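If you read the sequences in order, they're chains A and B. Using our numbering, the letters of the first sequence map in sequence onto residues 1 to 397. Using our numbering, the letters of the second sequence map in sequence onto residues 1001 to 1097. In what follows, a structure is listed as structure tokens, so that the remarks can point back to it.
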Amino acid sequence: MSGPIVAGKPVGMEVSIAIAEAAKLADVDIVAAYPITPQTHIVEHLAEIVADGDLDAEFIPVESEHSAMSVCCGTSAAGARTFTATSSQGLALMHEILFIASALRLPIVMAVANRALSGPINIWNDHSDVMANRDAGWVQVFAENGQESLDLTIWAFRLAEDKRVSLPVMVNFDGFMLSHVVEPVTLPDAETVRKFLPPFEPLQRLDVDAPRSLGPVGIPDIYTEAKKAQLQVLLDSYGPILETWGAFEKAFGRRYRPVETYRADDAEILMLTMGGLGETAMSVVDERRAKGEKVGLVRIRLWRPFPFDEFRKAVAKCKALAVLDRAISFGGPMGPVASEVKAALYADAHRPLIVEFVVGLGGRDVTFADFHRMWDETAAAARAGKAPAPRMVGLRE
Amino acid sequence: MAAQSAQPKWTELAAGTAITVPGSARFNRTGDWRSVRPVWDHAKCIRCGVCVVYCPEGCIGWNAQGYPDADLEYCKGCGICVRECWTACIRQVEEEV
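Right, here's the structure in full:
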């Protein structure tokens, strides 16, 4: 990328570049990363920005993602605003350190260009990488387009560094479907970002003048209490999440909610998506609404902590809910999102019929026709009053 | 586990379970793992200090009479002092339950 980028008006930009620009606008101190498709352009661009002297940061090229996240833990603990990005096998290799970042309350921000896990080796988009790290204790959000990817990356620092939170935040966006797509993106001006995102003041830091130990052993007498404290901080981040999205709206004019709906208020049949598929789904909702069908969409923006109340409210009136999963819980209840949603509704008096679909694995296209078929099947299930078994859409059989 | 009630509640832990007092590991009484403890026979002890040097816990010091002695709040009863003692003056005694 060459030449100055004008702030405040939409420009055509690859979404990966937009995320790198977001990290630059956030004035990060450290980027520690290892290249992996389809995330590579983010850190490649950041390496350029740092090398060109446009961002006063250390770019630490490491030998693996395990090292990348380990470095991030160290630099964040030292009080540096820390960013990294990864995908798929890279996220899997970070796995054990992800738990340490959250347990130590280190406000690292990571963009994850969601990609299928091997094998067979597949570089394309689905959500198996993030779902395998669902329980790592990070705040996890999903973006649906380029603007959201940029916005949520900037916001993620504000939330992560909020002293009431001080937790790592993962911004998920679809690999290739977003990461390599050129979209119209409006970059905010640096001054507005600076006001929104004051300098990082850590909750605690490694400091020779005030020594402390981070990451000690937690014996059986302590571990239970440590986990409860960690859980409560993540649950309590919900208030600050709403608050900081409110502040974001005030500063930048775009509004984010834990659960976002589209034409859902009077909808009898709802569909639930996470990530970029929501954009296609909205177009299909419009097509079916034009024919008089009462259909709508529910998008989970905030995956962790799961917005139970907002989700229940969003589906309270519908007859049937189609849940689109982009990963498989092998040998379990098929889709991780569907099983979560079912658990969320188990104790409720009104439970919509839930029809489960696994779609778009390993980059398989999910077409308008696929969406129409899923809506047809969900409507038929609602009429019959019985949900079919979870189905893998587009499977040749 | 006798000290369980003295442990902090979950609301009392430092953020991220950080240890905020330097050198505070010494406050952890780790000797309760022990099933045997070392006892010195002062008739045989030549006060050479080999046991003091070899103790992996650093918990053997000198008592008022000038003989080595283990701090039983930290001694694990590992027996390295028994093994290393030149005059074989240290024996292991079963801890009574």
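Note that CB positions come from ideal geometry on N, CA and C, so glycine has one too. None of these values were measured; they are calculated from a predicted model.
According to DSSP, what are the bridge partners of residue i?
{"i": "Gln1092 of chain B", "result": "B:Pro1038"}
{"i": "Leu353 of chain A", "result": "A:Ala320"}
{"i": "Leu272 of chain A", "result": "A:Val298 and A:Val323"}
{"i": "Val182 of chain A", "result": "A:Glu14"}
{"i": "Val408 of chain A", "result": "Nothing about residue 408 of chain A can be reported from this structure: the residues present for chain A run from 1 to 397 only."}
{"i": "Asp1069 of chain B", "result": "B:Gly1061"}
{"i": "Met392 of chain A", "result": "A:Val358"}
{"i": "Ala33 of chain A", "result": "A:Pro61"}
{"i": "Tyr262 of chain A", "result": "A:Leu297"}
{"i": "Val139 of chain A", "result": "A:Val169"}
{"i": "Arg304 of chain A", "result": "A:Gln140"}
{"i": "Met374 of chain A", "result": "Met374 of chain A pairs with nothing; no bridge assigned."}
Can you give me the C-alpha to C-alpha distance between residue i and residue j, rounded to a whole angstrom?
{"i": "Glu58 of chain A", "j": "Met69 of chain A", "result": "15 Å"}
{"i": "Met1 of chain A", "j": "His41 of chain A", "result": "Residue placement at Met1 of chain A cannot be trusted, given a pLDDT of 46 that sits under 50; what the coordinates show is reported in the next sentence. Going by the C-alpha atoms only, they are around 11 Å apart."}
{"i": "Ala389 of chain A", "j": "Glu377 of chain A", "result": "12 Å"}
{"i": "Val139 of chain A", "j": "Thr273 of chain A", "result": "18 Å"}
{"i": "Ala281 of chain A", "j": "Arg205 of chain A", "result": "45 Å"}
{"i": "Ala400 of chain A", "j": "Val28 of chain A", "result": "Outside the shown range of chain A, which is 1 to 397, sits residue 400 of chain A, and nothing can be said about it."}
{"i": "Cys73 of chain A", "j": "Val141 of chain A", "result": "20 Å"}
{"i": "Thr84 of chain A", "j": "Lys342 of chain A", "result": "33 Å"}
{"i": "Met177 of chain A", "j": "Asp207 of chain A", "result": "43 Å"}
{"i": "Met374 of chain A", "j": "Gly79 of chain A", "result": "48 Å"}
{"i": "Val185 of chain A", "j": "Phe252 of chain A", "result": "13 Å"}
{"i": "Pro188 of chain A", "j": "Ser87 of chain A", "result": "26 Å"}
{"i": "Ile97 of chain A", "j": "Tyr262 of chain A", "result": "37 Å"}
{"i": "Met110 of chain A", "j": "Lys319 of chain A", "result": "37 Å"}
{"i": "Val181 of chain A", "j": "Ile241 of chain A", "result": "28 Å"}
{"i": "Gly12 of chain A", "j": "Glu148 of chain A", "result": "14 Å"}
{"i": "Ile1080 of chain B", "j": "His1042 of chain B", "result": "18 Å"}
{"i": "Arg255 of chain A", "j": "Arg299 of chain A", "result": "14 Å"}
{"i": "Glu310 of chain A", "j": "Thr244 of chain A", "result": "17 Å"}
{"i": "Val62 of chain A", "j": "Met131 of chain A", "result": "25 Å"}
{"i": "Gly394 of chain A", "j": "Phe368 of chain A", "result": "12 Å"}
{"i": "Asn1063 of chain B", "j": "Pro1038 of chain B", "result": "14 Å"}
{"i": "His95 of chain A", "j": "Cys1085 of chain B", "result": "47 Å"}
{"i": "Asp400 of chain A", "j": "Lys317 of chain A", "result": "Any answer about residue 400 of chain A is impossible in this case: the structure gives chain A only from 1 up to 397."}
{"i": "Thr398 of chain A", "j": "Pro199 of chain A", "result": "No information on residue 398 of chain A is available, as it lies outside the stretch 1 to 397 that chain A covers here."}
{"i": "Thr82 of chain A", "j": "Ile108 of chain A", "result": "5 Å"}
{"i": "Ala1002 of chain B", "j": "Val1093 of chain B", "result": "With a pLDDT of 46 at Ala1002 of chain B, under the threshold of 50, the modelled position of this residue cannot be trusted; read the value that follows with caution. One C-alpha to the other measures close to 22 Å."}
{"i": "Gly119 of chain A", "j": "Thr37 of chain A", "result": "15 Å"}
Residue i and residue j: beta carbons closer than 8 Å?
{"i": "Ile269 of chain A", "j": "Lys294 of chain A", "result": "yes"}
{"i": "Ile49 of chain A", "j": "Ala32 of chain A", "result": "no"}
{"i": "Val193 of chain A", "j": "Val112 of chain A", "result": "no"}
{"i": "Gln39 of chain A", "j": "Ser179 of chain A", "result": "yes"}
{"i": "Leu277 of chain A", "j": "Gly360 of chain A", "result": "yes"}
{"i": "Ala314 of chain A", "j": "Val259 of chain A", "result": "yes"}
{"i": "Gly362 of chain A", "j": "Asn122 of chain A", "result": "yes"}
{"i": "Val358 of chain A", "j": "Ala387 of chain A", "result": "no"}
{"i": "Tyr1067 of chain B", "j": "Arg1047 of chain B", "result": "yes"}
{"i": "Gln232 of chain A", "j": "Ala103 of chain A", "result": "no"}
{"i": "Ala1078 of chain B", "j": "Trp1040 of chain B", "result": "It should be noted that the sequence gives Cys, not Ala, for residue 1078 of chain B. No. Outside cutoff."}
{"i": "Glu144 of chain A", "j": "Gly275 of chain A", "result": "yes"}
{"i": "Gly137 of chain A", "j": "Phe99 of chain A", "result": "yes"}
{"i": "Glu1095 of chain B", "j": "Arg1029 of chain B", "result": "no"}
{"i": "Glu201 of chain A", "j": "Gly146 of chain A", "result": "no"}
{"i": "Leu409 of chain A", "j": "Ser166 of chain A", "result": "Any property of residue 409 of chain A remains undetermined from this structure, which presents chain A solely from 1 to 397."}
{"i": "Cys1075 of chain B", "j": "Arg1026 of chain B", "result": "no"}
{"i": "Ser133 of chain A", "j": "Leu106 of chain A", "result": "It should be pointed out that residue 133 of chain A corresponds to Asn in this sequence rather than to Ser. Against a cut-off of 8 Å, the Cβ pair of Leu106 of chain A and Asn133 of chain A comes out as no contact."}
{"i": "Gly218 of chain A", "j": "Ala210 of chain A", "result": "no"}
{"i": "Leu214 of chain A", "j": "Ala77 of chain A", "result": "yes"}
{"i": "Ile1019 of chain B", "j": "Pro216 of chain A", "result": "yes"}
{"i": "Arg312 of chain A", "j": "Ala344 of chain A", "result": "yes"}
{"i": "Arg115 of chain A", "j": "Gly53 of chain A", "result": "no"}
The ligand NAD and residue i: does any heavy atom of the ligand fall closer than 7 Å to the residue's C-beta?
{"i": "Ile108 of chain A", "result": "Annotation note on the ligand NAD: not contained in the displayed structure, which lists no ligands."}
Looking at the C-beta of residue i, does it have a partner C-beta in chain C at a distance below 8 Å?
{"i": "Leu361 of chain A", "result": "Considering every chain present, this structure includes no chain C. Its protein chains are A and B."}
Sufficient close CB pairs (3 or more, under 8 Å) joining the segment 1004-1023 of chain B to the segment 346-362 of chain A: Short answer: they don't touch.
Stretch pair the segment 6-25 of chain A + the segment 44-52 of chain A: three plus CB contacts closer than 8 Å: yes
Interfacial residues, the segment 1010-1021 of chain B to chain A, with Cβ spacing under 9 Å: Trp1010, Thr1011, Glu1012, Leu1013, Ala1014, Ala1015, Gly1016, Thr1017, Ala1018, Ile1019, Thr1020 and Val1021
Cβ contact check for the segment 331-344 of chain A and the segment 280-293 of chain A: 3 or more pairs under 8 Å: With a cut-off of 8 Å, the segment 280-293 of chain A and the segment 331-344 of chain A do not count as touching, because too few Cβ pairs lie within range.
At least three beta-carbon pairs within less than 8 Å, the segment 310-328 of chain A to the segment 147-162 of chain A: Contact fails: fewer than three Cβ-Cβ distances are below 8 Å.
Residues within the segment 74-106 of chain A neighbouring chain B, beta-carbon criterion of under 7 Å: Ala103, Leu104 and Arg105
Residues, ordered as in the chain, of the segment 214-232 of chain A that lie near chain B by beta-carbon distance below 7 Å: So the list reads Leu214, Pro216, Gly218, Asp221, Ile222, Glu225, Ala226, Lys228 and Ala229, given in the order they occur along the chain.
Members of the segment 1034-1068 of chain B that neighbour chain A once the beta carbon cut-off is set at 7 Å: Taking 7 Å as the Cβ-Cβ cut-off against chain A, none of the residues of the segment 1034-1068 of chain B qualify.
Three or more C-beta pairs below 8 Å linking the segment 223-237 of chain A and the segment 304-319 of chain A: The answer is yes - the segment 304-319 of chain A touches the segment 223-237 of chain A, with three or more Cβ pairs under 8 Å.
Three-pair Cβ contact test at 8 Å for the segment 222-232 of chain A versus the segment 125-132 of chain A: Inter-segment contact for the segment 222-232 of chain A and the segment 125-132 of chain A is absent: fewer than three beta-carbon pairs are separated by less than 8 Å.
Near-chain B residues of the segment 274-295 of chain A - C-beta to any C-beta below 8 Å: none
Interface residues of the segment 202-213 of chain A facing chain B [CB-CB below 8 Å]: Leu203, Gln204, Pro211, Arg212 and Ser213
Within 9 Å of chain A by C-beta, residues of the segment 1081-1095 of chain B in sequence order: none
Selection of the segment 164-190 of chain A by Cβ proximity to chain B, strictly under 8 Å: Ser166
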